[in-house]
Amino acid sequence: MNTSRLSITAIAAAAFALAACNGSNNDSSVVSTRPSFDATEIDKSISACQDFNAYVNRKWTDAAQIPADASRLTTFSVLEKKSSDVQLEIAQKGGADVYSKLVQDFYRVAADEAGPERAGGAPLAPQLAKIDAIRDTADLAAYLNGPVGDGRAALFIMHPFAGEIDPTVNVLNVLAMALSLKSRELYLNADARPTRDAFVASVTRSFMLTGMSADAAGAAAQKVLAFETKLAEATPAAGEASPDDSGEISLARANQISPNFDWTAFFKAQGVTPPATIKLSSQKWFAAMDGMIKSVPLDDWKQALRYAVIRSASKYLSKAFRDEDFNFYGKTLEGRAAQPALSARILDNINNTEVLAKAMGVPFQAKTLTPETVAATEAMVKDIRAAFRARLAKSVWLAPQSIQRALAKEEAILFKIGGPKSGPDISDLKLPGTSWYDNAMAVSKFDAHRWLLQVGTKVDRKIWTFAPQEVEGAYSPTENSIQLTAGILQPPFFDAKADLAMNYGALGAVIGHELTHGFDSQGSRHDATGALADWLQPNDHTEFDARVARLSRQYDAYEALPGLHLNGKLTEGETTADSGGINAGRDALIARLAREPSADKSIDGFTQQQRYYLAWARIWRQKMTPEYVRSQVATDPHPIGKFRVIGPMSNMPEFAQAFSCKTGDPMVRTPEDRVTIW
């Protein structure tokens, strides 16, 4: 689960926090009719003690077929498809409420396939003309400082979040632009030359679609690669970002870091008062970008900006633009065989905006979320929290003072379940209705303006970051809050018809996972209020870091593909949370069974404790293209699914006991090698 989710809009290249709204009138179509666990899916040709992931998931993996328009098939993607089916019904023929109508109006215009073909690349002309008009570095700085959300190229993405110094006030978080190739290594490593060549060829063809000659487009594409390579060189390696490089700083300090990019002028250009502080994702990156304003030839800048405009708008343009974008980013980088259907692309656009995602959340939540599900989840949260607190209180490596602070922090965590209680204010949003591009622009401007107006205002912890239609659980360190969306409160994570072990091993362990994020490498540096504070005793921090390092080394040894090892440092937050979550969920199940002994029964030959581990393993079923595997290992803090099964369980003597595993079995680490953090 992510501690946060940032999405880049196609137009503004700005980060959106997805939120959602409440409703009623539940649709029984979302209730599972399948058994809570199909024991015939177990692969009995391999022992649970040999490879528990293969034992539970290999039959499924062997039979699974990745859809042609996807790069992976996972438990999450199956539920996302289920969510999309509900959303599509809302977008095409939903209710008459204002939120459904807004979604329907946006969808109807975007579904006009003939419109983009008539327009061709014409929608790009105004933005390309602005770039053509840049004559010197002063013009360049003015362009970069221009209004967010008007379709211009942007070098960073942004969104307000609770501040690190004062978590009661919203601070603008500014993140470095996502690299086109996703991974800095694809720019810098010699063996990635074929990918870079394919990128240059794709950029060349994109430029030619705007009227450039082949020779001019090829030369411009080389400049784009050189420009992005400079940014890649300044980008921290995955897992190596330093807190000292990314903290909240004064606006005056930000202007010292990037003197050619005037942050005060930027905020004034947006029509808002410059804030006292902002948070830069990497001061090193922003300093490098700022230096490039003077050191990189102006025409190189202009070509890079042109390509950013083309790429960000391609999904709204004619088939020629869409095909070119997909052929590189979909096929080459992710291994997809076909483009998603138009309906899926429109829903993706809706869910990568704030106001439309919130609007979609109103009818979605009404159709899918029952009061009974919320009540059952709240009861499970109570059990998991009690188990987690008991583990904190019994910690063998924390000093008493640290234990008390940890308990205070846990007690302060706010849980948000299902979705928010009210819908967004859409009274000022006007869709032009003339084209998908124009409507997307209007939404982009609307969202960007709303974000900037939030900077400096009081934080409302009840506001949701995720839309209820997402399949997601998440912890926010600065809010000290956890969200569980309506999308995840369904089988196989939660099933009202399932036995306790199935629910505690899936959703329960996820709840424990999110709780543990409050005490992982990032969360452990925020106190109960969300403020950045070193509340662990010095010796405790030393021990914590040592245990995390040992866990990271375990994951370094895993191979996702032959010769492709995981990056344990990159994934340490998630692996810490997986371990803590499974421990807390198991303890909560044992306590619940003690209260309800009649529920402690074997089913299909598996005890409740065995079924608990089966449930966790099942939610991490994955089948992915090799291209996607390489991308995830290089950039994603979440480990490949199979290692979220064998990694934590190999450290747990309780797992070994449940399946009668013995010392020497691959799923059993020696006591000296085991790592337990929480």
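In mature numbering (1 follows the signal peptide of the UniProt record, and there is no 0), the protein residues as written are -19 to -1, 1 to 659. No residue lacks a Cβ here, since even glycine has one placed at the ideal position from N, Cα and C.
Assuming residue i contacts residue j under a Cβ cut-off of 8 Å, what Cβ separation, rounded to an integer in Å, is found between them?
{"i": "A487", "j": "F474", "result": "5 Å"}
{"i": "H140", "j": "N154", "result": "6 Å"}
{"i": "L160", "j": "L212", "result": "7 Å"}
{"i": "N548", "j": "V614", "result": "7 Å"}
{"i": "E608", "j": "S52", "result": "7 Å"}
{"i": "S262", "j": "L156", "result": "4 Å"}
{"i": "T459", "j": "A143", "result": "4 Å"}
{"i": "K297", "j": "A421", "result": "The sequence shown places Tyr at residue 297, not Lys. Yes, Y297 and A421 are in contact; Cβ-Cβ is about 6 Å, under 8 Å."}
{"i": "P239", "j": "F208", "result": "Looking at the sequence provided, one finds Ser at residue 239 rather than Pro. Not confirmed; about 17 Å, so no contact."}
{"i": "G562", "j": "V491", "result": "7 Å"}
{"i": "T56", "j": "I600", "result": "5 Å"}
{"i": "D476", "j": "S17", "result": "5 Å"}
Return the bridge partner residues of residue i from the DSSP annotation.
{"i": "S231", "result": "T258"}
{"i": "R287", "result": "Answer is none; R287 lacks a bridge partner."}
{"i": "G454", "result": "L465"}
{"i": "L513", "result": "H507"}
{"i": "N154", "result": "H140 and K260"}
{"i": "M605", "result": "R53"}
{"i": "H546", "result": "E540"}
{"i": "F587", "result": "I584"}
{"i": "K439", "result": "V150"}
Take the Cβ of residue i as the centre, count every other Cβ of all protein chains shown within 10 Å, and call the residue buried at 16 or more, exposed below.
{"i": "N170", "result": "exposed"}
{"i": "N151", "result": "buried"}
{"i": "D501", "result": "buried"}
{"i": "L167", "result": "buried"}
{"i": "V436", "result": "buried"}
{"i": "V11", "result": "Confidence at V11 is low in this model, with a pLDDT of 32, below 50, so its placement is unreliable and the value that follows should be read with caution. Classification of V11: buried, given that the 10 Å Cβ count is 16 or more."}
{"i": "P652", "result": "exposed"}
{"i": "P278", "result": "exposed"}
{"i": "V377", "result": "exposed"}
{"i": "Q58", "result": "With the sequence shown as reference, residue 58 is identified as Ser, and Gln is not the correct amino acid for it. So S58 counts as buried."}
{"i": "S9", "result": "Reliability fails at S9, whose pLDDT of 29 lies under 50, so the model's placement of it is uncertain and the value that follows must be treated cautiously. Answer is exposed; the Cβ neighbour count stays below 16."}
{"i": "T556", "result": "buried"}
{"i": "A512", "result": "buried"}
{"i": "G4", "result": "Low confidence applies to G4: its pLDDT is 34, below 50, so where it sits in the model is not reliable enough to give any reading."}
{"i": "S295", "result": "buried"}
{"i": "Q237", "result": "exposed"}
{"i": "L395", "result": "exposed"}
{"i": "K283", "result": "buried"}
{"i": "T14", "result": "Since pLDDT at T14 reaches only 34, below the 50 mark, its modelled position is unreliable, and no value is offered."}
{"i": "R576", "result": "exposed"}
{"i": "G400", "result": "buried"}
{"i": "H546", "result": "exposed"}
{"i": "P647", "result": "exposed"}
{"i": "K443", "result": "exposed"}
{"i": "T358", "result": "buried"}
{"i": "P634", "result": "exposed"}
{"i": "Q68", "result": "buried"}
{"i": "A202", "result": "buried"}
Verify whether the separation of the beta carbon atoms of residue i and residue j is less than 8 Å.
{"i": "D521", "j": "L379", "result": "yes"}
{"i": "T552", "j": "P629", "result": "no"}
{"i": "D24", "j": "K40", "result": "yes"}
{"i": "S231", "j": "T258", "result": "yes"}
{"i": "N38", "j": "R386", "result": "no"}
{"i": "R372", "j": "W659", "result": "yes"}
{"i": "L109", "j": "Q471", "result": "no"}
{"i": "D364", "j": "A572", "result": "yes"}
{"i": "Y456", "j": "H507", "result": "no"}
{"i": "I47", "j": "K604", "result": "yes"}
{"i": "I327", "j": "M341", "result": "no"}
{"i": "I274", "j": "F247", "result": "no"}
{"i": "I112", "j": "S187", "result": "no"}
{"i": "K163", "j": "A215", "result": "no"}
{"i": "F369", "j": "L286", "result": "no"}
{"i": "T313", "j": "T176", "result": "yes"}
{"i": "P148", "j": "T510", "result": "yes"}
{"i": "G493", "j": "L570", "result": "no"}
{"i": "E94", "j": "E145", "result": "no"}
{"i": "V656", "j": "L517", "result": "no"}
{"i": "P128", "j": "A44", "result": "no"}
What are the uninterrupted segments assigned as alpha helix (DSSP H) that are 4 or more residues long and contained completely in the stretch 363 to 419, given in chain order? 381 to 393
Unbroken alpha helix (DSSP H) runs of length 4 or more, entirely within the stretch 71 to 112: which are they? 79 to 91 and 95 to 100
Enumerated in chain order, which unbroken segments of the alpha helix (DSSP H) with a length of 4 residues or greater are wholly contained in the stretch 287 to 331? 300 to 306
Continuous alpha helix (DSSP H) assignments of at least 4 residues falling wholly in the stretch 153 to 219: 166 to 169, 174 to 190 and 195 to 215
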